[in-house]
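Residue numbers (the numbering used here), protein chains in the order written: chain A, 1 to 107; chain R, 1001 to 1115.
Each residue gets a CB set at the ideal place from its N, CA and C atoms; glycine is no exception.
Quick notes on the structure that follows.
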Amino acid sequence: RKEVEQDPGPFNVPEGATVAFNCTYSNSASQSFFWYRQDCRKEPKLLMSVYSSGNEDGRFTAQLNRASQYISLLIRDSKLSDSATYLCVVNTGKLIFGQGTTLQVKP
Amino acid sequence: EAGVAQSPRYKIIEKRQSVAFWCNPISGHATLYWYQQILGQGPKLLIQFQNNGVVDDSQLPKDRFSAERLKGVDSTLKIQPAKLEDSAVYLCASSLVGGSSHEQFFGPGTRLTVL
């Protein structure tokens, strides 16, 4: 079993749609959690940290469920510029990256 | 502020050849990481340095990979000899302090193709 599992997609959605990505992790002792964004042939960049209380940054909302070992990312009002791969990342003492979920927003 | 610099950006070699990659982290960042990202996968940590000391190299294939950060600033990653399965993007990242809860800033990567 992979340490961090994500549905690779791709998710194809129209502009303005709401889309949600999920991620599960296997190590119950994981310390902190993140979503990174990676554009095609570019380096990953931190999108947001994920907290148990949930956190929101504009159109992006991240949630963590420690009991279920589950992380989510919700994107509202999708923009063309949101097209990218979203990497779920878990800190077990080092960062463990999921394989990423690809989002393609269509006009 | 200048980001993480890496060179070369692209490298094509034949199997059994040697190759070296260079990374210059963001100024003042004590921690430096090398990741391997195979197509369709997320980055995988190869080695982590804190200043010039190795913190974690548990996933570095030490029979063929080596890395150093002699003066605690820039770093080199070497593969000798390369195998076909080493084809990947090699990403260098740095963070201000150690502890993976701190944001890591990635360089543009070196895309290695082994023929």
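Let me know the secondary structure DSSP gives residue i once reduced to three states.
| i | result |
| --- | --- |
| ASP39(A) | coil |
| LEU1096(R) | coil |
| GLU15(A) | coil |
| LEU1084(R) | helix |
| LEU1091(R) | strand |
| LYS1011(R) | strand |
Residue i and residue j: beta carbons closer than 9 Å?
| i | j | result |
| --- | --- | --- |
| TYR25(A) | GLU56(A) | no |
| ASN1051(R) | ARG1064(R) | no |
| SER49(A) | ALA67(A) | no |
| THR101(A) | PHE11(A) | yes |
| GLN1080(R) | VAL1019(R) | yes |
Grab the span of the beta strand (DSSP E) containing residue i for me, first residue to last.
| i | result |
| --- | --- |
| GLU1068(R) | 1065-1068 |
| THR1076(R) | 1075-1079 |
| SER1007(R) | 1005-1007 |
| GLN1104(R) | Taken as a continuous stretch (DSSP letters only), GLN1104(R) belongs to no beta strand (DSSP E), as it is neither H nor E. |
| ARG1(A) | Here ARG1(A) belongs to no beta strand (DSSP E), and DSSP marks it neither H nor E. |
| LEU1112(R) | 1110-1114 |
Am I right that residue i and residue j are in contact with their C-beta atoms under 8 Å? What's the rounded C-beta distance?
| i | j | result |
| --- | --- | --- |
| SER52(A) | ALA20(A) | Incorrect: roughly 18 Å between the Cβ atoms, too far for contact. |
Chain B beta carbons: is any one of them nearer than 9 Å to that of residue i?
| i | result |
| --- | --- |
| PRO14(A) | Reference to chain B is not applicable here, since the protein chains of this structure are A and R. |
Start-end ranges of the beta strand (DSSP E) lying completely within the stretch 44-105 of chain A, minimum 3 residues = 44-50, 55-57, 60-65, 70-75, 84-91, 95-97
Length at least 3, wholly inside the stretch 1013-1064 of chain R: the beta strand (DSSP E) runs in chain order = 1019-1024, 1031-1037, 1044-1050, 1053-1056
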